[in-house]
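Here's the structure, in C-alpha cells; my notes come after.
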Amino acid sequence: MKVLITDAKLNSTLATVRSLGRLGLKIIAGDETKNAISFFSRYVYQRFIYPHPLENPQGFLEEVLNLIRLKRVGLIIPMTDYTLLLFSKYRDKFPPWAILPIPEFETIGKVVNKKKTFQIAKELNISTPNTIFVNSLDELPQVAYHLNYPVVIKSSHASYLDEENNQIIRGKILYAYHPLELIEKYLHLHQHSPYPLIQEFIEGEGYGFFTILDKEGNSYAQASHHRIREANPTGSASCLCESIPVDKAMKKEALVLLKAIGWWGPAMVEFKQDIKDKKFKLMEVNGRLWGSLSLFIHAQLDYPKLFYKLALGEKIPRLRNYKIGIKCRDLRGDINHLVQVLKGPPKDWSFSYPKRTKTIIDFLRFREKDLRYYNFYPQDIAPAVIDILQCLATLFKNFAKKIFHGI
C-alpha cells in the first residue's frame, strides 16, 4: 500500500515515516519545502513537494488529490491541524479507495477551536487556567485592569480556514505583562483571529496524556510523559521529555474530555501541574500524532503502527505496558533552549527561569542511561544530520543579521 504523510519537515512525520516504512509500506512524504528532514529518510519511497497549505490551501488540496489519483494512494495521514482541517472539510473530494482516518469537520473544530475546547472542559468541571472570553472589545479595558500579570493571550483557533480569503490562519500565543500591553497585543491578535482567549499564566511543569481511541470511544495504548525541558523556557514544545506512569487523575480528565468531544484516532491532552495547588491544569488538546512521538516508539509503544491498524479496521491491543524512565531529546529544540537561556528571560518576566551554567552543563550531557534522540537512528542517520545542519545554518544566519545591523 502507498501511504501519503504530510508535513515532512516535522519530527512527528519522520517518526511516522520510519514506523510505517518498517512495515514495508511505500511512503510518500509531502511538504512545501524541498529540504524537509523526512525527505532524506531511507524509508521514503517518493518525495512530494506541494503548494504551501497555509498560503494556497486550494492549490495544495488539488495537488494532493491529483497525486492520490495518479499514484493510487491508499492511506492519507495529515500531521498538522491545518492539513487535518482541509482534508476533513473536503473529504467528499477524495476517491473512494483512499482511506482518510480522521474525524468529521465539526468534531475537529472542537479541538482546534480553543474557545470550544475550554468551554467543554468548564462544563465537565475539568481543571483549567482561569480563562476570560471577551465578547466585545468595549469590555477589554475593564478586563485588562482587573487581572494579575503576566497573562497569556491565545488565538481562539489553533488553525482555521478563512474561505473568503482562501487561506488558513494559524493561531498565535502572546504574553502580556501589564494592562496597556494586553490591550495592544489583544487588538493586534484580534485582527487575525477574532476574540482570542485571555488566560492566567500557570507556573509549573508540563505533562502529557496520550492515547488512541476508536470510533466507539474505546481508549487504547494509554501513556504519559513529563516535559523536562522546552525549546522555549517560557513555554513551547518539549525538547527533552521522559516516559512516566499514567496519573489516574490526569487520565480521567483527559478521557472524559475526549469522549465529550467525540474524538477518535490519536490524541494528546496536555496539562501543566500548577505549583500553587499541585493540580493538573488543561493546556490544550492535539488531535493528531504529536511532536514527541519518538519517545514512545523508543519506549516500545509504536503509535503510528497502531494508528495504521485502526485505519484499516483491524483490532488493536490495549497495550498498557511501555518502558518507564526513557528520556528522549530533540537536539534542535535543545539548541534553541540553550540559546534562549543564554539570552536571558524576557523583559518583565517574574517567574523562574533556567540558570545559564546549569543549562550549559545539562546541554553537554549527550550520553546517559536510557537517553534517546527524536531523530537519530543508526539505521537512518541522514535526517538527523540534515536537521542539525539546518539548525546551525539558521543560527549562523540570525547571528550574521545581528552583526550586520549592528554595523
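Residue numbers for the sequence shown follow the numbering used here, so the first one is -15 and each next one is one higher.
Glycine is no exception: its CB is placed at the ideal position from the N, C-alpha and C atoms.
Contact set for Ile104: own chain, Cβ-Cβ below 6 Å, skip 5 residues either direction:
The answer, listed in chain order, is Ala244.
Determine the DSSP secondary structure at Lys392, reduced to helix, strand or coil.
Outside the displayed span of the chain (-15 to 391) sits residue 392, for which this structure offers no information.
How far does the alpha helix (DSSP H) with Ile43 in it extend, from its first residue to its last?
According to the sequence provided, residue 43 is Gly. The question's Ile does not apply to it. 41 to 55 is the span of the alpha helix (DSSP H), which, as asked, contains Gly43.
Using the Cα positions of Pro62 and Ile212, report the straight-line distance between them to the nearest angstrom.
Whole-angstrom Cα-Cα distance: 28 Å.
Is it true that the CB of Ala20 sits closer than 8 Å to the CB of Lys(-14)?
Contact flag unset, no.
Arg6 to Pro288 span [Cα, whole Å]:
Looking at the two C-alpha atoms, the distance is approximately 11 Å.
Whole angstroms are fine: how far does the CA of Ala221 sit from the CA of Pro180?
Going by the C-alpha atoms only, they are around 21 Å apart.
Kindly list the residues whose CB is nearer than 7 Å to the CB of Ala238, restricted to its own chain and excluding five residues on each side of it in sequence; keep chain order.
Excluding positions up to five away in sequence, the list reads Phe193, Val253.
Helix, strand or coil at Thr(-3) according to DSSP, with G and I counted as helix:
In this structure, Thr(-3) counts as helix in the three-state DSSP scheme.
Assuming Trp247 and Thr91 form a contact by the criterion Cβ under 8 Å, report the distance between their Cβ atoms to the nearest whole angstrom.
Going by Cβ atoms, the distance from Trp247 to Thr91 rounds to 6 Å, so yes, they are a contact pair.
Could you say if the segment 125 to 132 and the segment 84 to 98 meet the contact criterion of at least three C-beta pairs nearer than 8 Å?
Cβ pair count under 8 Å is below three, so no.
Could you check the C-alpha separation between Gly155 and His36 for me, to the nearest Å?
Here the alpha carbons of His36 and Gly155 stand approximately 17 Å from one another.
Rounded C-beta distance between Tyr204 and Ile308? I'm assuming under 8 Å.
Ile308 and Tyr204 do not touch by the CB rule: their CB atoms are close to 19 Å apart, not below 8 Å.
Under the three-state DSSP convention, the category Thr(-10) falls into:
Looking at Thr(-10) - three-state DSSP - the assignment turns out to be coil, as it is neither helix nor strand.
Are the CB atoms of Ala142 and Asp261 nearer to each other than 8 Å?
Annotated as distal: Ala142 and Asp261, with beta-carbon spacing of 8 Å or more.
Considering only the alpha carbon of each residue, which of Asp332, Ser111, Phe380 lies closest to Lys265?
For the set Asp332, Ser111, Phe380, the Cα lying nearest the Cα of Lys265 is the one of Ser111.
So, is Asp332 buried or exposed, given that buried needs 16 or more other C-beta atoms within 10 angstroms?
That one is exposed.
Where Ile391 falls, given that 16 or more other Cβ within 10 Å makes a residue buried
At Ile391, the pLDDT of 49 sits below 50, so the modelled position is not reliable; the number obtained from the coordinates is stated separately. By the 10 Å Cβ count, Ile391 comes out exposed.
Using CA coordinates, which residue listed in Tyr74, Ile182, Ile167 is at the minimum distance from Ile116?
With respect to the C-alpha of Ile116, the residue from Tyr74, Ile182, Ile167 having the closest C-alpha is Ile182.
Could you say which of Ser25, Glu16, Gly58 lies nearest to Pro41 if we only look at CA atoms?
Answer by Cα proximity: Glu16.
Which ranges would you report for the alpha helix (DSSP H) in the segment 167 to 210 if only whole runs of at least 4 residues count?
If you keep only unbroken alpha helix (DSSP H) runs of at least 4 residues inside the segment 167 to 210, you get nothing at all.
Could you check where the beta strand (DSSP E) with Pro288 kicks off and where it finishes?
For Pro288, there is no enclosing beta strand (DSSP E); the residue is part of the alpha helix (DSSP H) that begins and ends at 287 to 295.
Consult DSSP for Val230 and reduce its assignment to one of helix, strand or coil.
If DSSP states are grouped into helix, strand and coil, Val230 belongs with coil.
Roughly how many whole angstroms lie between the Cα atoms of Val96 and Pro250?
About 14 Å.
Go to Phe264, then tell me how far its beta strand (DSSP E) extends in each direction, as first and last residue.
Here the beta strand (DSSP E) through Phe264 covers 264 to 270.
Thinking Lys256 and Ile186 are a contact (beta carbons under 8 Å), I'd like their distance in whole angstroms, please.
So it is a contact: roughly 5 Å between Cβ atoms.
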